[in-house]
Amino acid sequence: SILAYLLCLYGTGNSSFGEGDQTTHSLVVQNMVHTGDYLHPKYDGRAYYNKPPFKMWLATLPVLIFGESNFSYRLIDGLSGIGTALIVFFFSLHLFRSRVVSYTSVLALLGSSIFFFGHGVRNAVQDSMMLFLMTLSLVLGWLFIEELEAQARRRRLWTLAISGGLAIGLAVITKSVPGYFALPILALTLLLRGDALNIIS
Numbered sequence: 035s036i037l038a039y040l041l042c043l044y045g046t047g048n049s050s051f052g053e054g055d056q057t058t059h060s061l062v063v064q065n066m067v068h069t070g071d072y073l074h075p076k077y078d079g080r081a082y083y084n085k086p087p088f089k090m091w092l093a094t095l096p097v098l099i100f101g102e103s104n105f106s107y108r109l110i111d112g113l114s115g116i117g118t119a120l121i122v123f124f125f126s127l128h129l130f131r132s133r134v135v136s137y138t139s140v141l142a143l144l145g146s147s148i149f150f151f152g153h154g155v156r157n158a159v160q161d162s163m164m165l166f167l168m169t170l171s172l173v174l175g176w177l178f179i180e181e182l183e184a185q186a187r188r189r190r191l192w193t194l195a196i197s198g199g200l201a202i203g204l205a206v207i208t209k210s211v212p213g214y215f216a217l218p219i220l221a222l223t224l225l226l227r228g229d230a231l232n233i234i235s
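This is the structure in structure tokens:
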């Protein structure tokens, strides 16, 4: 988690914003903070509905708490990156029962330049939050299928199903249609694992 912190958060306030989505989304967040109008996002005086507002709403919290700075606008993205790394670590540990595999999985994730730059976790964009929520929903879906095969108690199944559905819903209101990406993957997983399908039918 220290490595994830250093890579996802350390020094994120030092670099300035360039052109593109990072600047656009940060200006929308800034307008929300200045006007107090969170229901009608605006960019350059015009309504901005290009992206759903969930992540931008969250991004207002660090700005309100710590004040306006490059770090405040990027904090939610860095925390999303750390959260994704932790999910990968613990899910790998669950699957393989090996800390070596878990550390290797996290290092593979943290070694990806795409994960950090462009629309990555060191920038104030929607993608890092969506990646966190999609990873969470995939893990919850996998655990649901495992519990289904083990014929777990209904309460546990409902908890996993509702939690996974909530994660998918939040991913959708973070970045629209790509938030549904977990559904076809989980459906394919369910089809490939015939035991779970037999229990359902």
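Going by the numbering used here, the first residue of the sequence shown is number 35, and it counts up by one from there. We treat Cβ as the ideally placed atom computed from N, Cα and C, and that holds for glycine.
Item                                                                                                         : Value
At least three beta-carbon pairs within less than 8 Å, the segment 69 to 83 to the segment 108 to 120        : no
Which listed residue (Ser103, Gly70, Leu224 and Asp55) has its alpha carbon closest to that of Leu172        : Leu224
Sub-9 Å separation of Ser136 and Leu127 beta-carbons                                                         : yes
For Lys76, three-class secondary structure by DSSP                                                           : strand
Residues near Arg227 by beta carbon distance below 8 Å, same chain, minus five either side                   : Ile179 and Glu183
As assigned by DSSP and simplified to three states, the class of Ala186                                      : coil
Any 3 or more C-beta pairs closer than 8 Å across the segment 61 to 80 and the segment 88 to 104             : yes
Where Ala81 sits in the DSSP three-state scheme                                                              : strand
Buried versus exposed call for Asn157 [16 or more other C-beta atoms within 10 Å across all chains shown]    : buried
Rounded C-alpha distance that separates Leu129 from His74                                                    : 43 Å
Straight-line Cα distance separating Phe123 from Thr138                                                      : 9 Å
Outcome for Thr46 when other beta-carbon atoms lying within 10 angstroms are tallied against a minimum of 16 : buried
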